[in-house]
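Residue 2 is where the sequence shown starts when you use the working numbering, and the numbers rise one by one after that.
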Amino acid sequence: MSTPNSGLDFSPQAPPPHTPDAQGRTNRIAASTPPPISPDREHGLNDEEAPGTAFSLPPVDSGFDAYAYLASAWLVELLVWSFPVSYGVFLNYYTSVLFLPDDPQINLLPIVGTLSSGIIYVGGMFIIPLMIRYPGQKRNMTVGGLVLCVLGLVGAGFSTRPAHLVLTQGIIYALGGNFFDFPVFTYMMEWFVVKRGMASGILFSGTCLGGVAVPFITEVLLRRHGHRITFFIFAAVFAALGLPSLIYAKPRLPAANASSSATFDTSF
């Protein structure tokens with residue numbers, strides 16, 4: 002028995018030809034689709050800096066590298082701030098032992114402590130724009146700051162007039178403290194995210210410990226050895242502890258070598 006022909010063709014149909022217009026639309030869609038973001042570009046590396054698939058970053062908030070940075074930054078904080086917060090002991094020695102009360106420069110001595118702490122406090126207004134402008138030079142700034150701090154302490158040991166102390170212990174040391182401390186502190190944002198509050202508290206405890214312990218040590222050294230040997234001892238300790246701290250007080254992210262045109266926002 003035959004089935005009447007309904008006029009409908011149920012046989013498989015061939016796909017429509019790939020017209021040039023369809024091909025063009027396909028190409029435009031492919032061209033407009035952004036390429037996947039590689040881990041290297043995600044961390045701010047350009048194509049020339051990306052070291053390939055072998056590149057990896059240490060973890061944040063955990064691991065040896067993060068806590069080694071925190072210990073080194075804590076030590077930097079202790080070293081830099083110990084001497085400005087201990088200046089009361091130095092001032093007492095200067096006015097009672099080292100210089101006569103009728104010295105014409107005796108009134109300069111209180112300025113030393115003001116400069117050594119004040120320059121470090123306000124120096125961030127000048128150091129931070131430099132770090133933004135030249136991010137690849139932050140490590141060099143840290144090394145230069147360490148050198149200036151040691152030179153300031155050694156120079157203070159050779160000082161024979163209050164004006165010499167203003168220059169060495171007051172200005173040179175404080176400038177070195179700026180360059181030594183601020184770049185290391187900025188690495189905190191790279192190493193700690195979730196635990197940044199805890200890490201910041203540990204970091205700033207270095208200042209507290211230095212302010213508690215170093216004045217007693219300073220008083221003993223000044224009484225036994227005088228100011229010259231005391232400053233030489235402090236300079237040697239500063240270098241001996243500061244140099245190893247630079248090994249781990251380093252950035253987590255690769256720094257750009259080229260200067261940046263970004264500006265420092267001073268608006269409120």
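We put the beta carbon where it would ideally sit given N, CA and C, even for glycine.
Taking the Cβ atoms as the reference, V155 lies roughly 7 Å from F233, within the contact range of under 8 Å. Within the segment 127-165, the runs of alpha helix (DSSP H) at least 4 residues long that lie entirely inside it are, in chain order, 139-159. With respect to I129, P85 sits apart: the two C-beta atoms are not nearer than 9 Å. DSSP places Q106 in the coil class of the three-state scheme, outside both helix and strand. Inclusion of R140 and E191 in the CB contact set at 9 Å is not warranted, their separation being larger than that value. Taking 4 residues as the shortest admissible run, the segment 168-231 contains the following complete alpha helix (DSSP H) segments, listed from N- to C-terminal end: 174-187, 189-192. In terms of CA proximity to G158, G171 leads the group L71, G171, F65. The residue from G137, S63, S57 with its alpha-carbon nearest to that of K196 is S63. Residue nearest to V238 within the set Y70, P59, V81 is V81 (criterion: CA-CA distance). Separation of the CB atoms of T219 and F91 is rounded to 7 Å, and the pair is thereby assigned contact status at 8 Å. The way I'd put it, the segment 197-209 doesn't touch the segment 106-113; fewer than three beta-carbon pairs between them come closer than 8 Å. The segment 162-176 and the segment 205-219 do not touch, with fewer than three beta-carbon pairs separated by less than 8 Å.
Contact annotation: V61 and V215 have beta-carbon atoms that are not nearer than 9 Å. For S97, no alpha helix (DSSP H) segment is defined, and its DSSP state is neither H nor E. If you look at S73, you'll find it in the alpha helix (DSSP H) that goes 65-86.
Closest in alpha carbon position to Q106, among A164, G207, L176, is A164. When DSSP states are grouped into helix, strand and coil, V61 belongs to the coil group. Contact annotation, Y68 with K251: C-beta distance approximately 13 Å; criterion of less than 8 Å not satisfied. Taking every protein chain shown into account, the CB of A241 has fewer than 16 other CB atoms within 10 angstroms, so this residue is exposed.
Nearest to Y249 by C-alpha distance, out of F186, G227, L222, is F186. In its chain, beyond the 5 residues on either side, V215, P216, T219 have a beta carbon closer than 6 Å to the beta carbon of S87.
In the displayed model, L254 falls within coil according to three-state DSSP, outside both helix and strand. Looking only at A256, S246, P255, the smallest Cα-Cα distance to S73 is reached by S246. The Cβ-Cβ distance between G119 and C150 does not fall below 9 Å.
Pairing A256 with G137 gives a Cβ-Cβ distance under 9 Å.
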